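**Student:** Numbering (UniProt numbering), first residue to last: 1 to 109.
Backbone N, C-alpha and C define an ideal beta-carbon position, used for all residues, glycine too.
Note that this is a predicted model, so its numbers are computed, not measured.
1) What is the rounded straight-line gap between the Cα of residue 84 and the Cα of residue 30?
2) Residues in its own chain within less than 6 Å of residue 108 by CB, not counting five upstream and five downstream?
3) Alpha carbon to alpha carbon, what distance is there between residue 54 and residue 20?
4) Determine the extent of the beta strand (DSSP E) in which residue 55 is found, giving its start and end residues.
5) Check residue 39 in the structure and name its three-state DSSP category.
6) In this structure, how does DSSP classify residue 92 when only helix, strand and coil are distinguished?
7) Hey, how far is the Cα of residue 82 from the Cα of residue 75?
8) Considering only the alpha carbon of each residue, which of 103, 93, 69 and 23 lies closest to residue 60?
9) Quick one: what's got a C-beta closer than 7 Å to residue 18's C-beta in the same chain, skipping five residues either side?
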């Protein structure tokens with residue numbers, strides 16, 4: 001399962017168990033695809049995200065999954081219209097909705 005000794009530079013963890021890494025940084029759509037890896041480590045009950053959503057701010061791009069422990073997204077650098085976005089740094093939001101002790105909970109990064 002999870003080990004803090006397997007982290008690489010650029011990775012970070014939030015206490016909820018949501019783990020995210022991305023590359024390259026900054027993004028350049030003319031040379032490579034961006035890869036965003038999202039993992040959810042359920043420290044408490046062994047269940048994954050009921051719903052997982054990734055949104056790249058300013059691009060109109062959103063990905064959604066159900067019943068998952070994590071996903072890898074390869075973003076081609078295009079916005080919702082299919083146009084290439086400029087090189088640079090992009091903020092993204094990840095939301096994991098899950099059930100804990102019979103209650104709906106949500107983690108956002």
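**Tutor:** Reading from the atomic positions:
1) Walking along the chain shown from the start, residue 84 turns up at place 84. Walking along the chain shown from the start, residue 30 turns up at place 30. C-alpha separation (whole angstroms): 9 Å.
2) As a position in the chain shown, residue 108 is number 108, starting the count at 1. Result list for residue 108: 95, in chain order.
3) Locating residue 20 in the chain shown gives position 20, where the first residue counts as 1. Locating residue 54 in the chain shown gives position 54, where the first residue counts as 1. The straight-line gap from Cα to Cα measures roughly 11 Å.
4) The count along the chain shown starts at 1 and reaches residue 55 at position 55. Here the beta strand (DSSP E) through residue 55 covers 49 to 56.
5) As a first step, residue 39 must be located in the chain shown, where it is residue number 39. Correct three-state label for residue 39: strand.
6) Working through the chain shown from its first residue, we reach residue 92 at position 92. Residue state, collapsed to three classes: strand.
7) The sequence position of residue 82 within the chain shown is 82, counting from 1. The sequence position of residue 75 within the chain shown is 75, counting from 1. Here the alpha carbons of residue 75 and residue 82 stand approximately 12 Å from one another.
8) Working through the chain shown from its first residue, we reach residue 60 at position 60. Cα-wise, what sits closest to residue 60 is 93.
9) What you label residue 18 is simply residue 18 of the chain shown in a count that begins at 1. Within the same chain, residue 18 has close Cβ partners 40, 94, 96, 107 and 109.
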